[in-house]
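Protein chains in written order, with my numbering: chain A, 1 to 417; chain B, 1001 to 1417.
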């Protein structure tokens, strides 16, 4: 049997007999011929079958035939004089037409039938872009001396806040799904200095919003021997630039220096721009994040903006305070097109500082004993960040709901498929 | 402040004043000088400090000093005329000496203190090799047109057997941790044709052995448009060759053609070699896997051996039978140095075949409804495999226990750190 050719490679085989294989994307019957558009992983190719009939859409077929140039065929080439064989049973029709330029179905219908809906070239494209982005992230960090790690997703105590965690029965013991690899990546700075992890994190998020998922893919990094959070931001800039470079068609430009505004100055700016006065609030409202993003685009020509120095009150206990203004922190968010894309900062690295930080918050150090121990054994100043892959992809492509950037989303109401 | 130099780069700075930073790996006090060996992510470097004293082992320091060639120094270079600053508190002593050539501690002590034990250069090295292996796996499959995916780890029904699953309370519903991405990767063949995933899988493994973990990292791949399982084996060979090539120091050679023996012939061979008669058994005993591996090395010079055609009785219901001998399957295991490293095979791809396969086993199709639906909508012949990363690393490095190739293992008795 002649070996298979992808439809995107048909132009290189004009005048040859080839074998292609894929799904019947579209079947158009004219009086004396049927045009069968075959979809494979490389794209779409047309087969001209004499007579009418032929297998229904989504049936998997293989076709041997002659590659023929035809300016009127999609792409300029088609397969003629075909012999068609079925590789699957004749397919049952999907609940929507996959051959239309865009999928005409509601988001719940798409998600309920994800394995079929994702076959639509536009939906599929979202996830080849996500895959390329992750490759760009890894490549950037590999180039900066980072080591990739895999850490436990089943943990004995809640990672950060103790709320929104999923409980597990672990051989009769109570355990939890990890909300982040935070404590592990910090401990591993003591081993590798620079680590990253690409993996699932779990939030029992009780709110049903367009931006929250019960499981998402977190791109986590942590590095030691930093001066402060600005060294972390420099690495993050490289990581995001690597992600954007891996998706050149997106046209996203990551500035060499991403503009930066301190939280206090951001609040002043919001007051000036909006007439509202957010001062005294310990965090930014989503509307204010959009306002700041617009401002950065207008005045700096940048779709990215670092907001630094969030108040300690709203950051986790392991956050390093700003030594000059201890009510503010050495932390940052990275806004991208109006939305928080990344959270990060410098962490505490001295054991005594952890004990104090927990005491100030009225928390017991006991649940964190395993975590804290490593800081008594020599940890360098360090920091890191976490970036949600689905959020990145959704923003990059202008998808309004993060579920559209998730193959099989999990949320308050969705546990299948 | 002068920028930091890694200790491995000291030879390039002889005669210059540099800054290095890292952990006090070893402190050796002589009469009038103290040798401080600094460990950073690149290796070890010696600093010569006048007088005695200095910070204890594992304290994080930075040192500015003059790079001086000294044939008697480790590596031939050292830092003299130093000024030493502390980046951490003076470290509490770890429960073992990290500066010894090998770590003198029992496995439980190592695992209880993993964040510290992993600082030992030999233990750390295991995980840089694991990271390189994963990079090699991805690179090989990227080159073959595969797309990387992320799939749900929380599922509504048990993936394969219904046993050994961890239960979760999912917003008041009963859910499970995924034992494998099996069903998702198959469905995604319908989208991308060729997919892989690197991610955690979960087994509530009730046995306490040297080769089982409750969470491990599965390297999963699945591809469509195969003739049979041999096309899957060809891709697997490339993936494993990519992993071995990423760790050249291992010296592992993956033959262009990995030798292959059918299960039935393997049983005959075992009978001949061992005097035992395993015929009638539906699987291979670990001792017999070792016997076959030894045989492959002796007669084919290969540390790898494919055993194909396992009896259908011992393979999951989605396994494709051998059309010529339907009691056997189009499946395989890949043995590496005496141990099963990979399991894979061709899967059923027709809806009707799934319904029949489940009926034959007396199982209801209802729990698999979401999974089966996709096969009614056109799926090509396909197959795939799963490779346990920790098992690979352990075998590659001759580590007797898979926990030694896991940063923070999870098992029947271990939920922390």
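Backbone N, C-alpha and C fix where the C-beta goes; we use that ideal spot for every residue, glycine too.
Sequence-distant residues of the same chain with beta carbon closer than 7 Å to residue i, five excluded per side
i	result
residue 130 of chain A	389, 393 and 405
residue 43 of chain A	7 and 8
residue 26 of chain A	37, 57 and 99
Neighbourhood of residue i by C-beta distance below 8 Å, restricted to the same chain and skipping five residues each side
i	result
residue 145 of chain A	193 and 194
residue 1053 of chain B	1029 and 1034
residue 118 of chain A	124, 127 and 407
residue 1108 of chain B	none
residue 1104 of chain B	1096 and 1097
residue 1212 of chain B	1203, 1205, 1402 and 1411
Where residue i falls, given that 16 or more other Cβ within 10 Å makes a residue buried
i	result
residue 1418 of chain B	Residue 1418 of chain B lies beyond the residue range present for chain B, which begins at 1001 and ends at 1417; the question has no answer from this structure.
residue 1087 of chain B	buried
residue 1163 of chain B	exposed
residue 21 of chain A	buried
residue 275 of chain A	exposed
residue 287 of chain A	exposed
residue 946 of chain B	Look at the range of chain B in this structure, 1001 to 1417, and you will see that residue 946 of chain B is not part of it.
residue 1380 of chain B	buried
residue 155 of chain A	buried
residue 289 of chain A	buried
residue 73 of chain A	buried
residue 1002 of chain B	exposed
residue 418 of chain A	In the structure displayed, chain A extends from 1 to 417; residue 418 of chain A sits before or after that span and is not available.
residue 1333 of chain B	buried
Proximal residues of chain C, C-beta to C-beta of residue i below 7 Å
i	result
residue 1023 of chain B	You won't find chain C in this structure, because its protein chains are A and B.
Simplified DSSP state of residue i, which is helix, strand or coil
i	result
residue 1207 of chain B	coil
residue 1405 of chain B	helix
residue 382 of chain A	strand
residue 136 of chain A	helix
residue 268 of chain A	helix
residue 1059 of chain B	coil
residue 150 of chain A	coil
residue 1285 of chain B	coil
residue 1400 of chain B	coil
residue 1337 of chain B	coil
residue 182 of chain A	helix
residue 84 of chain A	strand
6 Å Cβ shell around residue i - same chain, five flanking residues per side excluded
i	result
residue 1010 of chain B	1045, 1067 and 1077
residue 1070 of chain B	1078
residue 371 of chain A	183
residue 1023 of chain B	1039, 1058 and 1060
residue 147 of chain A	192 and 195
residue 1313 of chain B	1282
Cβ of residue i within 8 Å of any chain B Cβ
i	result
residue 320 of chain A	no
residue 60 of chain A	yes
residue 124 of chain A	yes
residue 276 of chain A	no
residue 421 of chain A	Absent from the structure is residue 421 of chain A, since the part of chain A shown begins at 1 and ends at 417.
residue 381 of chain A	yes
residue 40 of chain A	yes
is_contact[residue i, chain A] using C-beta, thresh 8 Å
i	result
residue 1065 of chain B	no
residue 1368 of chain B	no
residue 1265 of chain B	no
residue 1013 of chain B	no
residue 1388 of chain B	no
residue 1076 of chain B	no
residue 1211 of chain B	no
residue 1416 of chain B	yes
residue 1127 of chain B	yes
residue 1299 of chain B	no
Closer than 7 Å: residue i CB and nearest the ligand HEM heavy atom
i	result
residue 97 of chain A	The ligand HEM is not part of the structure shown, which contains no ligands of any sort.
Can you give me, in chain order, the residues of the region 390-413 of chain A that have a beta carbon less than 7 Å from any beta carbon in chain B? Per Cβ criterion, the list reads 407, 408, 410 and 412.
In the region 1144-1158 of chain B, which residues sit with their C-beta less than 7 Å from some C-beta in chain A, listed in chain order? Residues of the region 1144-1158 of chain B whose Cβ lies closer than 7 Å to any Cβ of chain A, in chain order: 1145, 1147, 1148, 1149, 1150, 1151, 1152, 1153, 1154 and 1156.
Which residues of the region 80-98 of chain A have a Cβ closer than 9 Å to any Cβ of chain B? Give them in chain order. Hits within the stretch, in order: 87, 88, 89, 90, 91, 92, 93 and 94.
Note down, in chain order, all residues in the region 1171-1185 of chain B with a beta-carbon under 8 Å from any beta-carbon belonging to chain A. Residues passing the 8 Å Cβ filter: 1171, 1173, 1175, 1177 and 1184.
Interface residues of the region 191-205 of chain A facing chain B [CB-CB below 9 Å]: If the cut-off is 9 Å between Cβ atoms, the region 191-205 of chain A has 191, 192, 193, 194, 198, 199, 200, 202 and 204 near chain B.
Going along the chain, which residues of the region 1343-1358 of chain B sit with their C-beta nearer than 8 Å to a C-beta in chain A? Of all residues in the region 1343-1358 of chain B, those with a C-beta nearer than 8 Å to a C-beta of chain A are 1349, 1350, 1351 and 1352, reading in chain order.
What are the residues in the region 1222-1235 of chain B lying within 7 Å of chain A by C-beta distance? Within the region 1222-1235 of chain B, the residues whose Cβ lies closer than 7 Å to some Cβ of chain A are 1225, listed in chain order.
Name the residues in the region 105-120 of chain A whose C-beta lies less than 7 Å from a C-beta of chain B; which are they? So the close ones are 115, 116, 118 and 119.
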